[in-house]
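Numbering (the working numbering), first residue to last: 19 to 614.
Cβ atoms here follow ideal geometry from the backbone N, Cα and C, with glycine treated the same way.
Okay, structure first, notes after.
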Amino acid sequence: MHPYRTHNCGALGLDNAGTTVKLSGWVHRKRDHGGVVFIDLRDHYGLTQIVINPDVPFFSEAERVRNESVITIVGEVVKRTAETINPNMDTGEIEVVATDFIMESFVEETLPFTVNQELECPEETRLAYRFLDLRRERMHKNILLRSKTCALVREHLVAKGFVEYHTPILTSSSPEGARDYLVPSRVYPGQFYALPQAPQQFKQLLMVSGFDRYFQIAPCFRDEDSRADRSPGEFYQIDMEMSFITQDDLFAELEELMVRLFRELSNKTIAAEVFPRIAYRDAMEWYGTDKPDIRYEMKMIDCTDIFQNCELKVFSHQAAAGGVIKVLNGKGAAERPRKFFDDMERYARGEGAKGLAWLAVRDGEVKGPIAKFISDDEMRQLLERTGAVEGDALFFGAGQADETRELLGKVRQLLARQLDMIDQNLVSFCWIVDFPMYEKNPDTGQIEFSHNPFSMPQGGMDALLTKDPLDILAYQYDIVCNGIELSSGAIRNHRPEVMLKAFEIAGYPESEVKTQFPALWKAFHYGAPPHGGIAPGLDRMVMLLADEPNIREIIAFPLNQRAQDLLMGAPNYVSQEQLDELCLEINLPPEETPTV
RNA sequence: GGAGACGUAGUUCAGUCGGUUAGAACGCCGGCCUGUCACGCCGGAGGUCGCGAGUUCGAGUCUCGUCGUCUCCGCCA
């Protein structure tokens, strides 16, 4: 017989009754009746009830066993009597009556939290004992889901003719983007590698190398502060790139992958399998953000013209001064108590608004603090344009265009939550397309790339030569799901002369393009195919599939918010020998000198 | 770098208006129990109320500071 097991803890059923088996696993729970002890034995695969009868030599040892100890038992599989069947257990029709018992690993310490029930506990403790946390059902499931997601991505893309490549982890620091993680070179003292923020240039080089369809579940490293949906340090992208494709080709390819992932790995309903495309400008106009949650409709409606001459000075002054008046129709909000409207206004003020005017259509009348300042004609136009009917409430934002859109966009999200408009079982994708190539830095007035500098401008060289830079659009797109930006992508600029001109507009001289991006610059002179790609964030995908609000819940060993690994003790000081070998000297600011 | 929320037993929480010895459940230790499946019953141990100062006759409770955790802003081409 195998030293540890003949079956796993989820495998046994009525078919095995009467046979002798060996099982190993963790003590999930113990029920000691004095005369008989029941142990629910758990492993990766499931739970099996073990029965310890009082006449066995190891009875007292089994009675002493504590939860989470690892044991091996030999025993006979017995069909349970009708009254003792447990329908809540996959193996509930049988039990194993133990004839031998080996303590593999006894738990001596008090557990820092319970493994057999999923109580909330401080995340710090969970991270410090991650190996215990990962035994719990929720985390165990999440990590498995992550694995299934990777497996399905690979299976799908390989079947579609994609090839997975590895690209370097030790590479060069890139001039744009986030802060780099640096790795000192021993061979070249004073010089550094950087960990890749994304394999962007490598995947483009692979296309120039004649490989047609690239993908990689690629680790990316960015030294930026964390958020609930942003792990500090490292994360993974489903990185893709294709040659000789149009934007439409890429959209179709990605839609197929996303739909398959959600259909096979979640129970969610996919709102539309061909994802709606929203121009960047429209997204800002309607939703006040470039990552709208379109699980609910509720667009912002422009009513600036209606209030040109309004008695309400807040409105008419803004309209006259080039500002805008935007309105949200909160369907069904009119029945809410006054406190609801006060809370909405308090939220808006907290976000920097001067106030949040509102009107409620109730009992055939339009009520609210500003109602008496609005003329009958203005009111008629307002109701017509917003489609407000009995039971609806209108919320107003007035001010400078960008700020007002952004503010009301936030109000829109809160309103949708408060009014229970979000179908939690829905996944609603959209493409945000036609991003501007450039934007003006509000502080410096400089023209800068608004996204990826390697994107192809729409209209090509002609557009760069003839158009106002701020009017030029790029073949640059985002995929957004339920208000979360999953990825950016682009059809790339593969023509060196267009690349030079694009960088020139953003203030980069020719010499700088050649020295900052030597690989692509050189490669594009030796026959570069038109190409494009995208890189959906794997972690955020798994978050959506698992319905988890925090990215750390779908990573086995995440860093905490302050970018520390509490289990391994990283980051940490290194020895003087290691520093000497790298010709590095530590120069801490005085207040941060370690006290050890 | 900035803002907010939180911090009471190993864990989850309660703790009234500032007032006697800070409670409960789970876990842990001991005892009882032969059919439970979140087993049950009896008993016990376990607390620098994050830390420090202040107000007060008296602080878990009020004030200030500080540390920690999380969330958000900045940042993330």
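Own chain, CB closer than 6 angstroms to residue i, minus 5 neighbours either side, in chain order
i: Gln534; result: Pro193
i: Thr611; result: Here the model assigns Thr611 a pLDDT of 43, short of 50, so the residue's position is not dependable, and the following value carries that caveat. Excluding positions up to five away in sequence, the list is empty.
i: Asn470; result: Ala508
i: Val83; result: Val45
i: Asp230; result: Ser261
i: Thr38; result: Glu94
i: Cys448; result: Phe293, Pro294, Ile296, Ile312, Val498
i: Phe233; result: Leu175, Phe180, Glu182, Met258
i: Asp583; result: Leu577
CA nearest to the CA of residue i, picked from the options
i: Ser227; options: Ala546, Pro607, Asn590; result: Ala546
i: Phe76; options: Val54, Leu59, Val445, Phe210; result: Val54
i: Ala301; options: Pro310, Phe293, Gly587; result: Pro310
i: Glu595; options: Glu282, Glu603, Lys372; result: Glu603
i: Gln442; options: Asp565, Lys317, Asp257, Ala492; result: Asp565
i: Leu275; options: Phe293, Ile263, Met318, Phe262; result: Phe293
i: Glu86; options: Glu111, Gln135, Ile70, Val39; result: Gln135
i: Leu563; options: Lys286, Glu142, Met121, Trp539; result: Lys286
i: Arg5; options: Ile120, Ile523, Leu538; result: Beyond the ends of the chain as shown, which are 19 and 614, falls residue 5; an answer cannot be given.
i: His174; options: Glu315, Pro72, Tyr591, Ile235; result: Ile235
i: Cys14; options: Met260, Phe280, Gly195; result: The structure shown does not extend to residue 14, since the chain is modelled only from 19 through 614, so no value can be given for it.
i: Gly93; options: Arg60, Pro140, Lys40; result: Lys40
i: Ala416; options: Ile450, Lys372, Ala35; result: Lys372
i: Gly525; options: Glu369, Phe467, Asp308; result: Phe467
i: His51; options: Pro72, Arg60, Arg430, Gly36; result: Pro72
i: Glu252; options: Asn605, Arg364, Ile490, Arg570; result: Arg570
DSSP three-state assignment for residue i, whether helix, strand or coil
i: His335; result: helix
i: Gly36; result: coil
i: Ile572; result: helix
i: Met258; result: strand
i: Leu482; result: helix
i: Phe131; result: coil
i: Val96; result: strand
i: Gln222; result: helix
i: Met121; result: strand
i: Ser473; result: strand
i: Asp452; result: coil
i: Cys654; result: There is simply no residue 654 to check, as the chain begins at 19 and stops at 614 in what is shown.
i: His543; result: coil
i: Gln67; result: strand
i: Leu59; result: strand
i: Thr90; result: strand
Beta-carbon proximity list for residue i, same chain, < 8 angstroms, skipping 5 on both sides
i: Ile324; result: Ile343, Glu396, Gln399, Leu400, Arg403
i: Asp108; result: Gly28, Gly64, Leu65
i: Leu129; result: Asn85, Glu86, Leu150
i: Val516; result: Met474, Pro475, Gly478, Met479, Leu482
Beta-carbon proximity check, residue i vs residue j, cutoff 8 angstroms
i: Tyr211; j: Thr185; result: no
i: Asp622; j: Ser249; result: The displayed coordinates of the chain run from 19 to 614. Any statement about residue 622 would go beyond what the structure contains.
i: Arg144; j: Glu599; result: no
i: Val115; j: Val96; result: yes
i: Leu488; j: Gly348; result: no
i: Arg354; j: Ile440; result: no
i: Asp452; j: Ala297; result: yes
i: Arg374; j: Lys385; result: In the sequence on display, residue 374 carries Leu and not Arg. Cβ distance not < 8 angstroms, so Leu374 and Lys385 don't count as in contact.
i: Leu504; j: Met561; result: no
i: Leu330; j: Ile392; result: yes
i: Met318; j: Val345; result: yes
i: Met225; j: Ser261; result: yes
i: Ala170; j: Arg278; result: Looking at the sequence provided, one finds Leu at residue 170 rather than Ala. Going by C-beta atoms, Leu170 is nearer than 8 angstroms to Arg278.
i: Gly350; j: Asp410; result: yes
i: Gly427; j: Tyr305; result: yes
i: Gln476; j: Tyr456; result: no
i: Glu113; j: Arg98; result: yes
i: Asn568; j: Ala246; result: yes
Contacts around residue i, its chain only, beta-carbon distance under 7 angstroms, and the 5 residues preceding and following it disregarded
i: Cys601; result: Pro207, Gly208
i: Asp58; result: His46, Arg47, Leu65, Gln67
i: Pro21; result: none
i: Arg510; result: Gln222, Phe472, Ser473, Met474, His549, Gly550
i: Thr613; result: Below a pLDDT of 50, predicted positions are generally treated as unreliable, and Thr613, at 38, falls in that range; the measurement from the model is reported next regardless. Result list for Thr613: empty, nothing under 7 angstroms.
i: Glu155; result: Glu136
i: Asp361; result: none
i: Leu272; result: Ile497, Ile552
Taking the runs of the beta strand (DSSP E) that are 3 residues or longer, which of them lie wholly in the stretch 316-404? Entirely contained in the stretch 316-404, the beta strand (DSSP E) runs reaching 3 residues are, in chain order, 342-348, 375-380, 383-385.
Taking only runs of the alpha helix (DSSP H) that begin and end inside the stretch 250-300, which ones reach a length of at least 4 residues, in chain order? 265-283
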